[in-house]
Amino acid sequence: MITTVLLVAATLAAPASQDTLSPAARRVLADVRFLADDRQEGRGVGTAGLSRSGAYIRDALARAGFQASFQDFTISRDAPAVLHTTLGGTATRNVVAILPGTSAALRGEVVVIGAHYDHLGLGGFGAMDPDSTGRVHNGADDNASGTAALLEIARLLGHRRPGRTIVLVAFSGEELGTLGSSYFVQHPLPQPVDSIYAMLNMDMVGRLRNARLLALGAATAKEFPALLDSLNTPPRFDLRASGDGWGPSDHAVFFAARRPVLHFFTDLHEDYHRSTDDWDKINASGVAQVAQFVGDLAWTLANRAGPLTFVDAPRPQATAGGGSGYGAYLGTIPDMTGSPGGVRITGVRAGSPAELAGLKAGDVITAIGAKVVANLYDMTDALRSHQAGDTVVIVVKRDGAEQRVTAILGKRAS
Ligand SMILES: [Zn+2]
249 MITTVLLVAA TLAAPASQDT LSPAARRVLA DVRFLADDRQ EGRGVGTAGL
299 SRSGAYIRDA LARAGFQASF QDFTISRDAP AVLHTTLGGT ATRNVVAILP
349 GTSAALRGEV VVIGAHYDHL GLGGFGAMDP DSTGRVHNGA DDNASGTAAL
399 LEIARLLGHR RPGRTIVLVA FSGEELGTLG SSYFVQHPLP QPVDSIYAML
449 NMDMVGRLRN ARLLALGAAT AKEFPALLDS LNTPPRFDLR ASGDGWGPSD
499 HAVFFAARRP VLHFFTDLHE DYHRSTDDWD KINASGVAQV AQFVGDLAWT
549 LANRAGPLTF VDAPRPQATA GGGSGYGAYL GTIPDMTGSP GGVRITGVRA
599 GSPAELAGLK AGDVITAIGA KVVANLYDMT DALRSHQAGD TVVIVVKRDG
649 AEQRVTAILG KRAS
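Heads up: the sequence shown begins at 249 in the working numbering, then just goes up one per residue.
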């Protein structure tokens, strides 16, 4: 419906006061405000705030009609994140909620919907703002938004009777390197990993702008693009469906296990992994719309006849294992939908090397130093091959012409 799109635009122009929100948006906002409250200590692994959040999620899933329980695990002492933190050996838990399938032929197959509920705690490892280490990083968009969408989907589906089994999982340990989803894939509930029909991940769905929703991983099953299109009529979203299943979030773990995956995402912004990712910047109506859409998709997947046709893709070298990436810091905000022949940027961080070099929104980066940049992986690679203080020439396409700027790379938070 076109008016939906117009309503979203109006919401953005003048943020809706709470009493003009739909009941679903109000529920979502209440969940985001609970999870992204300073009291939850940035939902860092090992904090009472993360435990409190886990209990809140379990209770909400059980109330919605799912069989909800904790899946306990320990942060491995060999996890890459343990090299940067003192969290090795810490106990944490996923929350798993099951809605049994009712079709004798289909209930052995599982549609998984996931969202991580942990965040960066007080910053430091993984944060983009080393200057605010020690301040609570509330992670309202990352990923209280996806968690709130997960709870709303539970309310939409909890009292229905799907053909296939539906399993909702709130993962812990994502920010330390997708540890909770890795544990789940090794110890899947209630059935072996081969029985997972598809995995739908929601990570950062709280900043819907101009109705633009990314569905990354759409190339991981032949049937996905047509299925997504058929559910987006009348058009609810400016839907950008593309890409393989590799990416820095939990879905990549399921893709590595050769399952079709989708990652729903309302794109990056300048508060990403900073202490300013707060609840008052969340588009609650947008989160409710994403929940409705992903819930509809899950319902369709749980009841459709026949298998999905999995499409594999080689693992990109630079991002193996996901995570926030290391190397030198530039400070661009890349357009995650991709652009042919380079990386388009939607902005630069204030005071960053990118801003000082004169990079602007709309620039398409095609080379950094000696490296050609065709996509985000190349860009990550290029920055990893440099150190803070290096001076590099960056080639960009701007208004159709090629330009060169010189940047002095900075230090990334570690
Ligand atoms: Zn994150």
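All C-beta atoms, glycine included, are put in the ideal place defined by N, C-alpha and C. Fair warning: this is a prediction, and the values are worked out from it, not measured in the lab.
Spatial distance of residue i from residue j (CA atoms)
{"i": "G371", "j": "P378", "result": "8 Å"}
{"i": "T295", "j": "R552", "result": "41 Å"}
{"i": "T548", "j": "Q439", "result": "20 Å"}
{"i": "V276", "j": "G454", "result": "10 Å"}
{"i": "V596", "j": "G590", "result": "16 Å"}
{"i": "G374", "j": "A576", "result": "14 Å"}
{"i": "S572", "j": "T426", "result": "Unreliable positioning characterises S572 in this predicted model, as indicated by a pLDDT of 42, which lies under 50. The coordinate reading is nonetheless provided below. Answer to the nearest angstrom: the Cα atoms are 11 Å apart."}
{"i": "A515", "j": "M584", "result": "With the sequence shown as reference, residue 515 is identified as Asp, and Ala is not the correct amino acid for it. One C-alpha to the other measures close to 6 Å."}
{"i": "G479", "j": "R632", "result": "Here the sequence assigns Leu to residue 479, which means Gly is not the residue at that position. Approximately 40 Å between the Cα atoms of the pair."}
{"i": "F513", "j": "M450", "result": "6 Å"}
{"i": "W527", "j": "A352", "result": "43 Å"}
{"i": "T622", "j": "V612", "result": "In the sequence under discussion, the amino acid at residue 622 is Ala, which differs from the Thr named in the question. When rounded, the distance between both Cα atoms is 10 Å."}
{"i": "E650", "j": "G617", "result": "15 Å"}
{"i": "K659", "j": "G599", "result": "13 Å"}
{"i": "L404", "j": "H364", "result": "20 Å"}
{"i": "L269", "j": "N531", "result": "10 Å"}
{"i": "I642", "j": "A500", "result": "30 Å"}
{"i": "S497", "j": "G387", "result": "15 Å"}
{"i": "P564", "j": "D267", "result": "46 Å"}
{"i": "A284", "j": "P328", "result": "26 Å"}
{"i": "V359", "j": "R646", "result": "43 Å"}
{"i": "R281", "j": "E422", "result": "20 Å"}
{"i": "L556", "j": "A546", "result": "13 Å"}
{"i": "G534", "j": "G543", "result": "14 Å"}
{"i": "L255", "j": "L331", "result": "Only weak support is given to the placement of L255: the predicted model assigns it a pLDDT of 35, under 50, and the question is left unresolved by the model."}
{"i": "V253", "j": "G554", "result": "Because the pLDDT at V253 is just 34, under 50, the model does not fix this residue reliably, and the point stays unresolved."}
{"i": "L476", "j": "F321", "result": "34 Å"}
{"i": "T481", "j": "A474", "result": "11 Å"}
{"i": "K619", "j": "R409", "result": "53 Å"}
Short Cβ contact (9 Å threshold) for residue i with residue j
{"i": "D286", "j": "A392", "result": "no"}
{"i": "H407", "j": "A312", "result": "yes"}
{"i": "I361", "j": "M452", "result": "no"}
{"i": "S429", "j": "F502", "result": "yes"}
{"i": "G337", "j": "R355", "result": "no"}
{"i": "F558", "j": "A469", "result": "yes"}
{"i": "D366", "j": "F419", "result": "yes"}
{"i": "R300", "j": "Q315", "result": "no"}
{"i": "Y520", "j": "D389", "result": "yes"}
{"i": "A602", "j": "L578", "result": "yes"}
{"i": "L335", "j": "V293", "result": "yes"}
{"i": "V441", "j": "R507", "result": "yes"}
{"i": "G369", "j": "R291", "result": "yes"}
{"i": "I323", "j": "L424", "result": "yes"}
{"i": "F472", "j": "L510", "result": "yes"}
{"i": "V640", "j": "T614", "result": "no"}
{"i": "G411", "j": "A310", "result": "no"}
{"i": "E357", "j": "Y445", "result": "yes"}
{"i": "L607", "j": "I593", "result": "yes"}
At least 3 beta-carbon pairs within less than 8 Å: the stretch 409 to 429 vs the stretch 474 to 489: no
With three or more beta-carbon pairs closer than 8 Å as the criterion, would you say the stretch 305 to 322 touches the stretch 333 to 345? Look at the beta carbons and you see the stretch 305 to 322 touching the stretch 333 to 345: at least three pairs across the two are nearer than 8 Å.
Restricting to runs no shorter than 4 residues, where is the alpha helix (DSSP H) found entirely within the stretch 279 to 315? Counting only runs of at least 4 residues, the stretch 279 to 315 fully encloses the following alpha helix (DSSP H) elements, listed from N- to C-terminal order: 296 to 311.
Is it a yes or a no for the stretch 393 to 404 touching the stretch 530 to 544, going by three-plus beta-carbon pairs under 8 Å? yes
4 or more residues per run - each alpha helix (DSSP H) lying fully within the stretch 503 to 590: Every unbroken stretch of the alpha helix (DSSP H) spanning 4 or more residues and falling wholly within the stretch 503 to 590 is given here in chain order: 532 to 551.
Do the stretch 644 to 658 and the stretch 621 to 628 meet, that is, are 3 or more Cβ pairs less than 8 Å apart? With a cut-off of 8 Å on Cβ pairs, the stretch 644 to 658 is not in contact with the stretch 621 to 628, counting fewer than three such pairs.
Are there three or more Cβ pairs, one per stretch, closer than 8 Å when the stretch 489 to 499 is compared with the stretch 463 to 471? yes
Kindly provide the ranges of any beta strand (DSSP E) runs that are 3 or more residues long and lie completely inside the stretch 362 to 446, ordered along the chain. 413 to 419
What are the complete alpha helix (DSSP H) segments, minimum 4 residues, inside the stretch 452 to 493? 472 to 479
Is the stretch 430 to 437 in contact with the stretch 347 to 354, if contact means three or more CB pairs nearer than 8 Å? no
For the stretch 627 to 659, which segments carrying the beta strand (DSSP E) assignment without a break, of at least 3 residues, lie completely within its bounds, in sequence order? 639 to 646 and 649 to 656
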